[in-house]
Each structure stands twice: as C-alpha cells, then as structure tokens.
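Throughout, this note's numbering is defined as the position within the sequence shown, counted from one, plus 1371.
Take a look at the structure below.
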Amino acid sequence: MSSDSEDFLPEEEPFDGEMPREKGPPGEPIPAILHSFYEDRPFVSCTRCGESLADFADGYRISKNFNKDECIIEYALCLPCLDAMLDEASEESKVALAKFQAENLRDVSGFNDCALCDKQFDAVKNGDYSFAGVCVGDKMYDSAMVCFSCMEAMAAVMSEETRRTWDRFREENFPGIPSDFEPFPNQGAPIVF
Ligand SMILES: [Zn+2]
Ligand SMILES: [Zn+2]
C-alpha cells in the first residue's frame, strides 16, 4: 500500500447498494430466524387470508414462538387480518391489552431484550419466548422479543373469549400440531406494535 495520505482518510461507509429511501427508514432484510421454518423460505402469504404479503403496502407482522431453538408456531398476518383478529376481541380485552402494552412497552427493539420487561434473551432462550417482526415487502422495519412471563401476563389481561379467538385461529391454521402437545396454554394475541 502506498503512503499516500489519502489512505488515512476515513473509509467511506461500506455501501451495499441499498440507498436510504427518501421517505421512511430503509429497513433491513428480514432475518432468517423470521423466515417460515415450515416452508423454508421467507413468508410469502398471509397465514389467515392467503393473500400475497407483497401486495400489502402497509405491510404485515411475523410472529414466531419458540421453545428453546425449536419453532413451535409461526405465522404472518397482513394488517387487515391482524386488525380483524384484534377486532374480534372483546372491547374489554382490547382496552386491557392496549393498557398493558402502553404501561409495559419498553424503548427497545430487536431480539435481545424483552419488549415488555427487563429480561434479556440469554435468560429466556432455554424456555419459551416469541419473536415478532414488522415487515413491508422483503424488508423488516422493527422487531421484538417477548419472554414467556410477558406472554402469560398479556394473555392474563385478555378475556377468555379473546383467548379463544386466537386459539381458534391457531387450531384452524396449524392442524398438524400434535394433540398431546401443549403448545400455547397461556398465549394470547401477539404483541402489537
Ligand atoms: Zn390476511
Ligand atoms: Zn418479558
């Protein structure tokens, strides 16, 4: 290498060809952990309505529950479906859930910190936890981890009826889950960003 002083200028930011868009944050590629484990590729259609996720300009939410490193359940919901699911919740549940999240939602992002309490991923990775991603097209704009205690706490503020809505959704969409498996006894709605 030459001793040309220009060599000591700070390097330009490595550029991966992804210009920040003029509107909104650039997003990042959806990490493999949020791809569909069952389809072995990124989610392409809404789990509930089957429409192509790429067609939803407002994006969609990916939700995956894990036990240790095993994916227990996963789904991607377009916003109209997510809204519809939440709309089925009783008014009381909606208020309670919104209140719970408003009181507990922390200013964190990503999979290392629980979005609702101060637990870190290391403390929960040997049990149940869930990951969620806010995506538009093939980009992710926000992500969150929720520990099992917080999933239970969220479920606890919802009415029996609302929990049944989500249970029914899971039963209808994931018939392959073994019946002796106790998948989500206390898991209610996913975290809503
Ligand atoms: Zn849908
Ligand atoms: Zn937590």
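No residue lacks a Cβ here, since even glycine has one placed at the ideal position from N, Cα and C.
*Pick from A1460, K1510 and S1514: whose alpha carbon is nearest that of V1528?*
For the purposes of this step, residue 1528 is taken as the residue at position 157 of the sequence shown. Among A1460, K1510 and S1514, the Cα nearest to that of V1528 belongs to A1460.
*Rounded to whole angstroms, what's the CA-CA distance from F1545 to I1444? Just pull it up for me.*
The count along the sequence shown starts at 1 and reaches residue 1545 at position 174. The count along the sequence shown starts at 1 and reaches residue 1444 at position 73. Rounded to the nearest angstrom, the two C-alpha atoms are 8 Å apart.
_Residues near D1499 by beta carbon distance below 6 Å, same chain, minus five either side_ = In the sequence shown, the residue the question calls residue 1499 occupies position 128. Cβ within range, chain order: N1438 and F1519.
*Smallest Cα separation from A1428: which of K1490, K1510, F1408 and C1521?*
On the sequence shown, position 57 is the one that residue 1428 refers to. Cα-wise, what sits closest to A1428 is K1510.
*Should M1516 and N1483 be called a contact, given that it needs their Cβ atoms to be closer than 8 Å?*
Taking the first residue of the sequence shown as 1, we reach residue 1516 at position 145. Taking the first residue of the sequence shown as 1, we reach residue 1483 at position 112. Yes, Cβ-Cβ distance for M1516 and N1483 is below 8 Å.
*Locate the alpha helix (DSSP H) running through C1452, then write down its first and last residues.*
As a first step, residue 1452 is located in the sequence shown; it is residue number 81 there, counting from the start. Looking at the DSSP string, the run of the alpha helix (DSSP H) that includes C1452 is L1450 to E1459.
_Do V1479 and A1486 count as a contact pair if the criterion is CB distance below 8 Å?_
Taking the first residue of the sequence shown as 1, we reach residue 1486 at position 115. Taking the first residue of the sequence shown as 1, we reach residue 1479 at position 108. Cβ distance < 8 Å, so A1486 and V1479 count as in contact.
*Any idea if C1420 is buried or exposed, counting beta-carbon neighbours within 10 angstroms, 16 or more meaning buried?*
Your numbering for residue 1420 matches position 49 in the sequence shown. Exposed, by the Cβ-count rule.
*Can you tell me whether R1331 is buried or exposed, with buried defined as 16 or more other CB within 10 angstroms of its CB?*
Nothing can be reported for residue 1331, as the shown portion of the chain is limited to 1372 through 1564.
_Candidates L1476, A1403, T1418 and L1405: closest to E1542 by CA position_ = Counted from its first residue, the sequence shown places residue 1542 at position 171. Residue T1418 is the option with its Cα nearest to E1542.
*For the beta strand (DSSP E) that contains C1506, what are its first and last residues?*
In the sequence shown, residue 1506 corresponds to position 135, counting from 1. It spans D1499 to V1507 - the beta strand (DSSP E) in which C1506 sits, taken as one unbroken run.
*Does ligand 1 have a heavy atom nearer than 7 Å to the CB of R1541?*
Mapped onto the sequence shown, residue 1541 falls at position 170. R1541 Cβ: outside cutoff for every heavy atom of ligand 1.
*Beta-carbon contacts of F1540 that lie in its chain and below 6 Å, excluding the five residues immediately before and after*: The residue given as residue 1540 occupies position 169 in the sequence shown. Taken in chain order, the list of residues that qualify is empty.
*How is A1486 classed by DSSP in three states: helix, strand or coil?*
The count along the sequence shown starts at 1 and reaches residue 1486 at position 115. DSSP places A1486 in coil when its eight states are reduced to three.
*Can you pull every residue whose C-beta falls closer than 5 Å to some heavy atom of ligand 1, listed in chain order?*
C1417, R1419, C1420, C1449 and C1452
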